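Structure first, then comments.
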Amino acid sequence: MSLRVYNTLTREKEAFQTIEPGKVSMYLCGPTVYKPAHIGHMVGPVIFDTVKRYLTYSGYDVTFIINITDVDDKLINKAQEKGVTVKALADAMTADYMDNLQLMGVDTIDKFPYATDHIGDMLEMIQKLIDKGHAYPLNGDVYFAVTTDDDYGKLSHRSVDSMMAGTRVEANDQKRNPADFALWKSSKPGEPAWDSPWGPGRPGWHIECSAMSSKLLGDSIDIHGGGLDLMFPHHENELAQSECASGKCFVRYWMHNGLMQSGKNTGKVGGQHDRHGDSSAEDQIAGKLAGSAGAESVKTAVFAHHHPEAVRFFLLSTHYRSPIDFSSENIANTAKGLDGFYRLFENFERITGVSAYSLTVPTTREQSTSMEGLPAELARELGELRDRFLEAMDDDFNTGGAIGNLFEMRRVINGYVTQNKLEDAATPEQKAILTTAVTVLQELAQLIGVFRKPVQKSAGADDEFVAGLMGLILELRADVRREKNWAAADKIRDRLKELNVTVEDVKDGPARWSRS
RNA sequence: GGUGCCGUAGCCAAGCGGCCUAAGGCGACGGAUUGCAAAUCCGUUAUUUCCCCGGUUCGAAUCCGGGCGGCACCUCCA
């Protein structure tokens, strides 16, 4: 089995072959940093972070870049509106973006190039396009001439003619063709400006990606990613510029992820569900779709209600090319599914004395965890599940299909624990077997970037004072239980439940408790 | 108008011509376990069925045609 990747350019899944053996260059279009990151901004990074993890596991040396577009009309307008400098606004919004990526466990990005650090590279590329006759200056602007590129439209499968049929292209008599787009825009007084052969100005929207990609990864790269919405015009234009400038194939595999949408905006859900309770997360999307820029960051709008790991797992539970229907309800369901894993890890630690998060897991497929020493049946089941997981990932990063195997592994491991009553007592051999089994699970979990560290329990769980009180209460409860005073024992448990504290009795030893 | 995508159980979701008498999760219902619970394990929950109607094929949820329904982009939004 080998990796296959869906290529937007050909509209087919293709065998994955890199330009340079063993190496992968990957560029993902990042945000224009003019407002706080919304949940939709997290989709691409999470997906491509997962792609990188899997490619690395598969033995590739991957270079992964996400650009930060820190000069743009929207940014300029927003800064003026707020009365701050463009740079101050961009810096603040970039920091917010990075914060959120960190919370989502996206940390495989090698470099975040800033558009404003590469103005020179853009000017060079623009000049080259003019020299080759693909671009022309016009009143201080520079435009790309789409009709000089025979291939123009090959990514989004549109022809220049068909685009004329739409109503969107505003008339500009000056441009040679209405579809021509700006590579360089002259600046008005008070706007950020850089000197250029055509006068002071700033780059057009698409040129920064072309210039930075070529500068940092080379004229031809393996993977270029982004949201489906960017396919046209952004990627189409990037493609045209880059190939006309370099004369080489720009991108080997174009990967586009589906967009997130709010339940409120889908007739399907809106018609059937009675949404209730907190919905600021949905509002964040709805607001976005309605065109009003949300003021709240993901951090406050979403992560206040849902653990980032649940959000990440949710994003990966469906295929990356499908649209995903965001709702608090859906994420809450995902979170419930994850709880079972956390409990398994807690159990594991109690039995073996080792944290499931500190296990050494293989980082490449070649060094995959050995099943040696496991009972035959367990080895067979785990082996099959691992194979199926990897098979799904090999099939265009089918995380949704892969994840099912994680749940089955959980079931198999829990079965081993239950059958052998490991919670009562475990031999060193049994501990070793359990450790191997959990290592296999963790090996796969790291590929989708989850279960890397313990999820932060809600406030109070690690508060010494609360822990002390709980210890006292449970001690008293243990006393009345010994006296078989069930009424009192149940009252304590029920009342705690009302306070969102769940008590679970353990056969021998102190009861467990957790806050929700 | 142009370019695409989608329609699988109560909900989410995998499935890319035979291993589908269709993964997995959430929910629900039984059973084991428990003082009772919780957690865990076992079982049941689409078995003339994969929106409908035709067709191709030895064989289709999977391919083709036609409906119906939903969605996205073509508006510098990831």
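Numbering (numbering that gives the first Met the number 0), first residue to last: 0 to 515.
Here a beta-carbon is modelled for each residue, glycine too, at the ideal position from N, C-alpha and C.
These figures come from a predicted structure and were not determined experimentally.
Starting from LEU182, follow the alpha helix (DSSP H) in both directions and report where the run begins and ends. Unbroken run through LEU182 is the beta strand (DSSP E), 180-185; no alpha helix (DSSP H).
Which of the three DSSP states, helix, strand or coil, is assigned to LEU88? helix
Count the other CB atoms within 10 Å of the CB of ASP507; is the residue buried (16 or more) or exposed (fewer)? exposed
Scan the stretch 413-466 and note each continuous alpha helix (DSSP H) run of 4 residues or more that stays entirely inside, going in chain order. 427-444
Tell me the DSSP bridge mates of HIS223? TYR26 and TRP253
Starting from GLY200, trace the beta strand (DSSP E) both ways and give me its first and last residue. 200-202
Just to confirm, is the Cβ distance from ASP120 to THR93 under 8 Å? no
Residue burial classification, ALA181 (beta-carbon count within 10 angstroms, cutoff 16): buried
Please list, in chain order, all residues of the same chain as ALA115 whose beta carbon is under 6 Å from its beta carbon, the five residues on each side excluded. A small correction: the amino acid at residue 115 is Thr; Ala does not occupy that position in the sequence shown. Excluding positions up to five away in sequence, the list reads ASP69 and VAL70.
Among ILE18, TYR5, ARG342 and ARG451, which has the Cα closest to the Cα of PHE312? ARG451
Roughly how many whole angstroms lie between the Cα atoms of PHE15 and TYR53? 13 Å
Pairwise C-alpha distance: LYS86 and TYR56: 38 Å
For the beta strand (DSSP E) holding ARG3, just list the boundary residues, first then last. 3-6
Whose C-beta lies closer than 7 Å to the C-beta of ILE18 among residues of the same chain, with five residues either side of it excluded? SER219, ASP221 and ARG251
To the nearest angstrom, how far is it from the Cα of ILE402 to the Cα of LEU384? 10 Å
Whole angstroms are fine: how far does the CA of ASP130 sit from the CA of ASP194? 19 Å
Is it buried or exposed, TRP485, if we count other Cβ atoms within 10 angstroms and call 16 or more buried? exposed
Three or more C-beta pairs under 8 Å: does that hold for the stretch 327-343 against the stretch 31-46? no
Three CB pairs or more closer than 8 Å across the stretch 130-149 and the stretch 237-245: yes
Is the beta carbon of LEU433 sitting closer than 8 Å to the one on VAL416? yes
Straight-line gap, ALA375 to GLY382 (C-alpha atoms, nearest Å): 10 Å
Can you tell me whether DSSP reads VAL500 as helix, strand or coil? strand
For GLY200 versus SER186, is the C-beta distance shorter than 8 Å? yes
I'd like the ranges of any alpha helix (DSSP H) spanning at least 4 consecutive residues and lying wholly in the stretch 36-71. 38-56
If you measure between the beta carbons of MET97 and MET41, is that distance less than 8 Å? no
Would you give the residue range spanned by the alpha helix (DSSP H) that MET392 belongs to? 375-393
Are the CB atoms of THR49 and THR398 within a distance shorter than 8 Å? yes
CA-to-CA distance, ILE472 to GLU463, given in whole angstroms: 14 Å
Would you identify the three-state DSSP class for PHE396, choosing helix, strand or coil? coil
DSSP state of PRO188 mapped onto helix, strand, coil: coil
Look at ASP60 and GLY21 and say whether their C-beta atoms are less than 8 Å apart. yes
DSSP state of TRP512 mapped onto helix, strand, coil: strand
Can you say whether GLY266 is buried or exposed, counting buried as having 16 or more other CB atoms within 10 angstroms of its CB? Per-residue confidence for GLY266 stands at a pLDDT of 27, beneath the threshold of 50, marking its modelled position as unreliable; the derived number appears in the next sentence. Exposed, since its Cβ has fewer than 16 Cβ neighbours within 10 Å.
Can you give the Cα-Cα distance for ASP504 and GLU442, rounded to whole angstroms? 31 Å
Quick check: what's the CA-CA separation for ILE65 versus LEU468? 48 Å
Whether ARG157 touches ASP395 by CB criterion (8 Å): no
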